[in-house]
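What follows is one structure encoded as structure tokens, with my remarks underneath.
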Amino acid sequence: MSNRNNITPGEQAKVLDNSITVIRQQVALMRKCLETKNHFMDALKHASTFLNELRTNSLTPKQYYELYIMVYEGLEYLSQDLKDTHPNNHLADLYELVQYAGNIVPRLYLMITVGTVYMGVKDAPVKEIMTDMMEMCRGVQHPIRGLFLRYYLSQRTKDLLPTEFSDPSTEKKDELALKGDVSDSIQFIITNFIEMNKLWVRWQHQGHSSEHRKRVEERKELQILVGSNLVRLSQLDAIDRVYYKKHILPLILEQIVKCRDLIAQEYLLDVIIQVFPDEFHLITLDEFFDATLNLDPHVSIKSIVLTLVDRLIGFKKREPDYVAKVVADDSVDIFGKIIGFIDKLSQLKPDMSATDYSSILESISKLSITYYPDRYANIDSIFAHATELFKDKGSSPELQAQNNWKTLLLAPISMYSDVRSILQLDNHYLEFFNLQSYQLRRSVSMEIVEKFLEEEVKITTKEELDKVFTVVQPLIVVPEDPTVKALKLGDPALNSLPGASVADTETEEDSKDSLDIILQQESLAKLLQLIYNKNPYKHFELLEIARDYLQPAKQRVKYTYPTLVAMTLKLVRKLYLVKHIETKRQKNKIAKFFTFISGLITVMGQHTYNAVDCFNLNLMTAEIADESKLVDISYDFFIESLVIYEQFFVDSRSQYQALMSLINKLISAKNMIQQNVENFDRLITKTTLYSSKLLRKTDQCRAVYMSSHLWWIVEDVDDYGDADESEPINAMMSHLSLKDDGKRVLECLQKSLRIADSILDNNVSLELFIEILNQSLYFFIHGNEMVSVRYLNGLIELIRNNFKAVGKIEGPFEATWKHFDRTLKYIREQKSIDPRFDEVNA
Amino acid sequence: MLVLAIGDFHIPERAVDIPPKFKKLLQPRGKIQQVLCVGNVTSSPSSLQFLKSLSPDFQMVKGDHDKDLSLPLSLVFTYDKLKVGLIDGFEVVPKSDPLGLLAQARMMDVDILIYGSTHKVEAYTLDGKFFINPGSATGAFNADSLGKEDLDIIESILKEDDEADDDQEEIEGKSEEVDKGEKEESGKEKEKEKEKEEEKDKENGKESENGEKKGEKDVEKVEQKTDNDKSDNTESNVQPDTDAKETTTNTVEKTDGGKDELVDDDDEDDKLDTSEIEPYLDPIPSFCLLDLQGSTCTLYLYTLIDGEVKVDKLTYRKEESA
Chain A
1 MSNRNNITPG EQAKVLDNSI TVIRQQVALM RKCLETKNHF MDALKHASTF LNELRTNSLT
61 PKQYYELYIM VYEGLEYLSQ DLKDTHPNNH LADLYELVQY AGNIVPRLYL MITVGTVYMG
121 VKDAPVKEIM TDMMEMCRGV QHPIRGLFLR YYLSQRTKDL LPTEFSDPST EKKDELALKG
181 DVSDSIQFII TNFIEMNKLW VRWQHQGHSS EHRKRVEERK ELQILVGSNL VRLSQLDAID
241 RVYYKKHILP LILEQIVKCR DLIAQEYLLD VIIQVFPDEF HLITLDEFFD ATLNLDPHVS
301 IKSIVLTLVD RLIGFKKREP DYVAKVVADD SVDIFGKIIG FIDKLSQLKP DMSATDYSSI
361 LESISKLSIT YYPDRYANID SIFAHATELF KDKGSSPELQ AQNNWKTLLL APISMYSDVR
421 SILQLDNHYL EFFNLQSYQL RRSVSMEIVE KFLEEEVKIT TKEELDKVFT VVQPLIVVPE
481 DPTVKALKLG DPALNSLPGA SVADTETEED SKDSLDIILQ QESLAKLLQL IYNKNPYKHF
541 ELLEIARDYL QPAKQRVKYT YPTLVAMTLK LVRKLYLVKH IETKRQKNKI AKFFTFISGL
601 ITVMGQHTYN AVDCFNLNLM TAEIADESKL VDISYDFFIE SLVIYEQFFV DSRSQYQALM
661 SLINKLISAK NMIQQNVENF DRLITKTTLY SSKLLRKTDQ CRAVYMSSHL WWIVEDVDDY
721 GDADESEPIN AMMSHLSLKD DGKRVLECLQ KSLRIADSIL DNNVSLELFI EILNQSLYFF
781 IHGNEMVSVR YLNGLIELIR NNFKAVGKIE GPFEATWKHF DRTLKYIREQ KSIDPRFDEV
841 NA
Chain B
1 MLVLAIGDFH IPERAVDIPP KFKKLLQPRG KIQQVLCVGN VTSSPSSLQF LKSLSPDFQM
61 VKGDHDKDLS LPLSLVFTYD KLKVGLIDGF EVVPKSDPLG LLAQARMMDV DILIYGSTHK
121 VEAYTLDGKF FINPGSATGA FNADSLGKED LDIIESILKE DDEADDDQEE IEGKSEEVDK
181 GEKEESGKEK EKEKEKEEEK DKENGKESEN GEKKGEKDVE KVEQKTDNDK SDNTESNVQP
241 DTDAKETTTN TVEKTDGGKD ELVDDDDEDD KLDTSEIEPY LDPIPSFCLL DLQGSTCTLY
301 LYTLIDGEVK VDKLTYRKEE SA
């Protein structure tokens, strides 16, 4: 017989082709004989001939499988014919007869074909035939031929094995001996499994050691033949979990352990996990883990445990009620068994890689959270193991890179349905967390924050807040980046450039923080917004605690303190709305809120580049204080913003914009106007003064005419419901005048006119004239008698004359003229609805 | 031309994110051809990135809280027969005053002025010009005083609580119908013009333009959603300023006396629970889509009310100058 080792792939292909031709021919001939009367013996001869092809030694397992399929189909015809045409007694004879075939492979295939037809006949000695066939199969010990032969045995007997347990009370003993019951089937399948496994393992050791890898591949191709026995077992409905635990699993595991073969062990344990029902696994964890500890040292225990755990986690999803029952009555201490296994594992397998070990811990923590979501102690003990492991092996750089610790730390975060559960994790989780590198802690902190934000979980108690800040600590205190420091030291001039504007300082300081840091501070600021308590006073206490935690961030509080300010202001508004800022005691209490805010802004203000933020925050606070009728507090905050303006605003653009914000906020300070007009006047006088001091004349002119609004303030009041719609609109009816210093308004307008007039560029001063005219119209409509028809006409006249002086309207003047034209058109339109406009010369 | 008007995020100082339901509507590289942003978005790099992902044509002006001084304070765009101006609004004095805005629009020579800063979504026609405030897309807290409607609602909630506290006490209440829409002297004019526009809108309802169709689908979709959820609707249904219907609210006149002299001590403070008024404290999250065709602007106001997206449609047509 040719040896497969010295045969080329080309030759193998030829052998295969040849065999295929023979089988095809012989099957055809056999079928012809079967169809003809009295040619049965010839049919058997043809069958025997094509079966001979399975004796080959030259083919790969895949090629052999191809032949097997053809042969199986051929034998199917034979089997069918036997069933159709042969009486019972004849089959018994035939079973004996085929044993005389010359070669063992054809003989056994024929025997199984006849034997299995015989098994299907009424009153056949099933058990005897099963035993006999199993015994005879031992005759083939070549791995491939033996595996396929036994696979044939398994396929043929598939629907013929007894599937029920015998009932001793009803069935006769001799009948049982003759037919057998499901326990015989189990024994039959397990024996076949054991024998096939041996053959399969042996294939690894055939041939030259240089072909090791090829063997491994071939074995993987063959594995399904062995595994099919376990599938067959799992399909026997008569087996329950107790029987499985007692009579089946030990035998299978024994074989798996004993075979000492890496491929077999990994594959077969996987098959066990996949094919047997979940509830079987739940009660056989001990057996399974014991076997796992006794495997070939190279077997990946990690993959086996992960597969099992996944299966169990899936079980909870598939059968939540069943699992809940098991967990509730504590009949199986799943977690205890697993942690026991982990203990043994760390003792017995000290060489196991930390990566595998941490993956196992990760999957087990997921299992624990799935089965016992409330038992935080479980997670704690898992992280106790992790801590130990880390102290032991954690510093290996290979591991740091693999990010295994991160996924381990994130396992609870991803599994808990309520992210707040991670706040219950104590001691060892935090100990393990704190052992990690800054980078890793930071990214875990970010994930936790993201999760909180995603689920919009409110943080409502001090305890929760403390815990949250423990896990986000890495976002607050950021280690200095040595490179940045070096850069700053290297160029000290950069910070002290004379005349550096607010804007320049700002961008320079901003660029100091990398995008990473900005993003993480942004997350932190968002996290703060989850702090909530339905009671504003308690809410405020939480904000104070948050401030204490944030303080160590030093200059980076600029990212988070504005959030605290806004949140506190919202609380003030709430308290005002529910009328909790009325008594003296209440006012004293609310004063603390403002002290808190003032403290926050002061800390931010220690860095000049925060000037714009501080200015805005002071204005916001002043506005809310005024809304709450705390006009003196409001005044203080306005003053603070003025101080910042004076000290830090050097860029003319930022000055102008700051003044616009300031003017608008002052206009909205309605309560101060009514309750402490002296203070208010001080503020608006100062603001008007600032306006007139702006560097660029255009800015100065605009700021001054905008300041005019500070002296003429009206409040919206509701229209009276019964007002007749057809009545002409009277401006005074829907507005309450809070400040009506018409004279000061006029002064501002006049002053801005003078500034505009002093500008050398004719077009610019014309444009400003027109803008002043538009402002004047506002006051005219609002009934400021100092801005009279005469005044308007004078202004219009002035603009007209200036345009005349320019001569031809072209170039830049065109746009200015159009603005004027639009303004005049507006005035003409007003005439139709407001008679006061009649005299205006538009 | 489909233009998105949006802004006043104030992330992360005052808001966490744009509502997820808005994010679903605003898909990167969708049909939006240009994004006009009224500012106050720059402190969150990711949010800015999000806006820029919506359209390659992203334009923004500087908000009062944006620190980048290189950003322009105002921008003007011309689309066919319409000129649109974009400002934050903090530099209009008094802020959001209709006459102030009108002067601003005249100065910029625009037909449509988009402004922000107040966090109150609104749109109206005044003196032949269209004024649009897309509001705050995040519904961010604003220190400017609350609107009358919100204050009324809060007042009535607190009143109910008081009544529940003490059934015995009779509150002398007089219901008064208050017209919410009309606040400024120009309020009526605004309202009338708006109504006119709406009537025109109805008349032209059959005109089907491409962009409009798309928009209408959106409206339908969203409205169906709200219908399904009707069971959830409570009496606390807030309408945005721009709601076309004239809604009336019952306000109970304040009673004086006893009530205010509550037991004034720390125990009382500890028991305080303000969760009921919570939903009315923050502005309604909102943004706008403008469909600009020739001399017509169809405006879709998107608001998030009680967790549902609501869409209101307004049409503005520029008057052809003789």
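Chains A and B supply the protein sequences, listed in that same order.
Heads up: the first sequence begins at 1 in UniProt numbering, then just goes up one per residue.
Heads up: the second sequence begins at 1 in UniProt numbering, then just goes up one per residue.
Ideal Cβ placement from N, Cα and C applies to all residues, glycine included.
| query | result |
| --- | --- |
| 7 Å Cβ shell around Leu262/A - same chain, five flanking residues per side excluded | Asp296, His298 and Val299 |
| Any C-beta of chain A under 8 Å from that of Leu272/B | yes |
| Proximal residues of chain A, C-beta to C-beta of Ile32/B below 8 Å | Chain A residues near Ile32/B: none, gap ~25 Å exceeds 8 Å. |
| Check whether Pro162/A and Asp132/A have beta carbons under 8 Å apart | no |
| Own chain residues within Cβ distance below 8 Å of Leu348/A, not counting five before or after | Leu293 |
| Test: Leu577/A CB closer than 8 Å to a CB of chain B | yes |
| Residue span of the beta strand (DSSP E) that contains Gln85/B, given as start and end | The sequence given here places Gly at residue 85/B; Gln does not occur at that position. Element bounds for Gly85/B: Leu82 to Ile87. |
| For Asn664/A, the three-state DSSP class (helix, strand or coil) | helix |
| Backbone secondary structure at Thr315/B - three-state DSSP | strand |
| Proximal chain B residues relative to Gln529/A, where beta-carbon distance stays under 7 Å | Val16 |
| Three-way DSSP call (helix, strand, coil) for Met70/A in this model | helix |
| Secondary structure of Glu13/B, DSSP reduced to three states | coil |
| Residue closest to Ser359/A, alpha-carbon to alpha-carbon, out of Asp329/A, Asp380/A and Asn404/A | Asn404/A |
| Beta-carbon contacts of Val105/A that lie in its chain and below 8 Å, excluding the five residues immediately before and after | Leu51, Asn52, Leu54, Arg55, Val140, Arg145 and Leu149 |
| The segment 164-183 of chain A touching the segment 204-213 of chain A, judged by at least three CB pairs closer than 8 Å | no |
| Short-range partners of chain B found in the segment 817-829 of chain A, where Cβ spacing is below 8 Å | Lys818, His819, Arg822, Thr823, Tyr826 and Glu829 |
| Three-state secondary structure (DSSP) of Cys33/A | helix |
| Nearest candidate by alpha-carbon position, reference Ile759/A, set Cys701/A, Asn774/A and Tyr791/A | Cys701/A |
| Length of the line joining the Cα atoms of Asp613/A and Ser641/A | 10 Å |
| Where Met604/A meets chain B, residues with beta-carbon distance less than 8 Å | In chain order: nothing, as chain B lies at least about 12 Å away. |
| Residues from the segment 606-626 of chain A in contact with chain B, defined by Cβ distance under 7 Å | Val612, Asn616, Met620, Glu623 and Ile624 |
| Asn427/A: contacting residues in chain B (beta-carbon distance under 8 Å) | Under the 8 Å cutoff, chain B gives no residues; its nearest Cβ is about 31 Å from Asn427/A. |
| Beta-carbon spacing of residue 847/A, Asp144/B below 8 Å | Any question about residue 847/A goes unanswered here, given that chain A covers just 1 to 842. |
| Other residues of its chain near Glu11/A: CB distance less than 7 Å, five sequence neighbours each side excluded | none |
| Same chain, Cβ closer than 6 Å to Tyr109/A, neighbours up to 5 away in sequence not counted | Leu51 |
| C-alpha distance - Ser286/B paired with Lys313/B, whole-angstrom precision | 13 Å |
| Short Cβ contact (8 Å threshold) for Ser445/A with Lys406/A | no |
| Under 8 Å from the C-beta of Val93/B: neighbouring residues of chain A | Met660, Ile663, Asn664, Ile667, Met706 and His709 |
| Status (buried if at least 16 other CB within 10 Å, exposed otherwise) for Ala164/B | exposed |
| For Lys129/B, the three-state DSSP class (helix, strand or coil) | strand |
| Members of the segment 282-301 of chain B near chain A, C-beta cut-off 9 Å | Asp282 |
| Selection of the segment 769-785 of chain A by Cβ proximity to chain B, strictly under 9 Å | Ile770, Glu771, Asn774, Gln775, Leu777, Tyr778, Ile781 and His782 |
| Close-in-space but distant-in-sequence residues of the same chain around Lys393/A (CB under 6 Å, 5 per side omitted) | Ala354 |
| Neighbour flag for Lys534/A against chain B, beta carbons, 8 Å | yes |
| Contacts that residue 381/B makes with chain A (C-beta to C-beta distance below 7 Å) | This structure cannot speak to residue 381/B, because chain B is shown only from 1 to 322. |
| Spatially closest choice to Leu253/A from Glu678/A, Gln775/A, Ile272/A and Ser368/A, by CA coordinates | Ile272/A |
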